[in-house]
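**Student:** Numbering follows the working numbering, with no gaps: position 26 of the sequence shown is 24.
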Amino acid sequence: MKCLVALLLVTIAVAMAEQSLVTQEEWEAYKTQHGKVYEGEEDECRKKLYSHTKKAIETHNNGGHDYKQEINKFADQLPSERPLGLLKPGETVPKPDTNLSICDKIKKHIGEA
C-alpha cells in the first residue's frame, strides 16, 4: 500500500512539473509573438503541447548534442500540422484521424490518451 501511495505521489509530482514548465504569462507571450489565437479547451490543449515540446527541447539541449534546439512558431503544433519539410529526422506524419478533436489528437501525441 505504501508503494502505491508513493507511486501516486511521484506521478502527481511529474505531472505538475511538466505543467509548471510553462507559466500563463509565457504562454500568452508565445501566442502574441507568433500571432496565435485559441479559445477554450483548445487553448489549454495547445498549451500542454507547447509545454511537451519545450520539455523535449530542454532534454535535447541537455543531452550533449552538437546543436541546440529552440522554441519556434511550430512548438504548439502536431507533426501533422507542420509543413512536411519541417519534420524532425525520423518523425513521420500519422494517418489523419478525422474522428478525433484537436485536443484528443494532442492528448494522444503527448501520451495522455
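C-beta atoms are modelled at their ideal positions from N, C-alpha and C, and glycine is treated no differently.
To which residues of the same chain is V20 closer than 7 angstroms at the C-beta, ignoring the five residues directly before and after it?
**Tutor:** K45, Y48, S49 and K52
**Student:** Leaving out five residues before and five after L98 in sequence, what residues of the same chain have Cβ atoms less than 8 angstroms from its Cβ?
**Tutor:** K106
**Student:** What does the alpha-carbon distance come out to for the pair V29 and V35?
**Tutor:** Reading off the sequence shown, one finds Lys at residue 29, where the question assumed Val. The straight-line gap from Cα to Cα measures roughly 7 angstroms.
**Student:** For E39 and C101, which I take to be in contact (beta-carbon distance under 8 angstroms), what is that distance rounded to the nearest angstrom?
**Tutor:** 6 angstroms
**Student:** Rounding to the nearest angstrom, what Cα-Cα distance links G109 and T96 in this structure?
**Tutor:** 19 angstroms
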